[in-house]
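To convert, count from 1 in the sequence shown and add 29; that's our numbering.
Idealized CB from N, CA, C, for every residue including glycine.
A quick note: this is a predicted structure, and the numbers were derived from the prediction, not measured.
In what follows, a single structure is set out as C-alpha cells and then discussed.
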Amino acid sequence: MLAQLSARRVHRRILETLAYHPEASAPGRHLRELLAFGYRQAISCIFPVFIFGMLSLSHVLSPSWLPRYDFLLLACIGMQIYMYLAGLESKREVLVITVFHLLGLIMEVHKVNVGSWSYPEQAYTKIGGVPLYSGFMYASVASYICQSWKRLDLKMIRWPVAWLSTLVAIAIYGNFMTNAYLPDVRWYITGAIVIVFWRTKVSYATICRKRQMPMIVAFLLIGFFLWLAENIATFLGAWKYAYQHAGWQMVDWHKYTSWSLLIIVSIIIVSQLKIKKYSLLNWWSTVRKEKKEDEAMQEKA
C-alpha cells in the first residue's frame, strides 16, 4: 500500500508539472507536449528498463553462490510483484504478461535447440538450455504495450476484422517456429501485413490533444527500438548469437524484421483482448440499461 501511494504521488506531481498551460508560447506548449509524451513512454517502459538495468548490474550484484541467470529471474519476479502491489499493473494485465512469458519461453526453447542463439552461462533454472528469466524479456514487451494503452489512451481506428488479424499473428508466430526447417516467408507475411493494416491508425493522447499515427509506422518504430535494445542486451551478455561468441558484434539487420514482426504479434494479441473486453463491457452496459427500463415500465404499470 505504501509503495502504491508513493508511486502515485510522484506520478501525479510530474504530470502536474507538465500540464498544459494555454498562456504559454507555441514552442513552450509543443515542448511540454513532447516532454509529457516522452514521460508517459518512459514509465510505460519501466519493466524493460528494469531488465536492462539488471543485465548491466547483475555481474556486480549477483552473489557468488547464485548463477547470474537465476539472480535475474528472482529480480524479474520481484519487479513483477512490485508493479502489481504498486498498482502499476492489474490482475488482467499480469495474466496477459504471463501468457507472453510462456509464448516467449516456447519460442526460446525452440530457437536455442536449432542453434539460432544460446545462453552460455550455467543456471539452476534452465529448461531446454533456456533460462527462465528470458521469458520476462517477452513479458516486458507485453507490459510496455499494456502500460502504453492506458497511459496514452490508445485507440485503434479501422482495425481489421478479428479473424484476419488473428490469422496474421498465427502466420508470424508459425514462421518463427518453422523457418529453421521450412523456407522463411517473412517477406510474404510482411506484404500481407501492409495490405491488412494499410488503413489502420492508432490514436494516442498527449496533454492537450489527440494525435494519430499510421499503424504500420508504429510497427516499424517500435521494432527499430527493440532492435536497438537487442544490441544492448547482447552486449550485456543476456544471450549470444553464433557470430558473437568470438566477440560482440552489432546484431544483424535481419533481426530488425524479426522484432518488428514480434511487436506486431504482441499488439494484435493485446488489441484483440482489449476489443473483446470493451465489447463485453458494452454488452453488459446494454443489458443493465434494458433491465432498468423494464423495471421502470413495470413500476408504471
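Collapsed DSSP secondary structure at residue i in the structure displayed
i	result
M206	helix
K242	The displayed chain sequence assigns Met, not Lys, to residue 242. The answer is strand: DSSP assigns M242 an E or B state.
Y270	strand
W312	Here the model assigns W312 a pLDDT of 48, short of 50, so the residue's position is not dependable and the matter cannot be decided.
S147	strand
M108	helix
V159	strand
Alpha helix (DSSP H) segment containing residue i, residue limits
i	result
I174	163-180
M83	75-90
M279	Run containing M279: none; DSSP gives neither H nor E here.
A221	215-225
G133	120-142
Beta-carbon gap between residue i and residue j smaller than 8 Å
i	j	result
V78	A171	no
C74	E122	no
L290	R215	yes
I296	Q241	no
L265	S85	yes
L102	M83	no
I245	V280	no
Y202	V125	no
A104	T235	no
V143	A209	yes
Endpoints, beta strand (DSSP E) assigned at residue i
i	result
S232	230-234
Contact set for residue i: own chain, Cβ-Cβ below 7 Å, skip 5 residues either direction
i	result
V159	L134, E137, V138, V141, Y148
H130	G164, F165, Y167, A168
Euclidean distance between Cα positions of residue i and residue j
i	j	result
V231	M112	26 Å
L183	D99	36 Å
T229	A247	11 Å
V316	M108	Unreliable placement is indicated for V316, whose pLDDT of 46 sits below 50; no coordinate value is reported for it.
S87	L132	25 Å
P243	I106	35 Å
I110	Y167	17 Å
Proximal residues to residue i (C-beta, below 8 Å), its chain only, five neighbours per side dropped
i	result
V225	P189, L193, S194, V197
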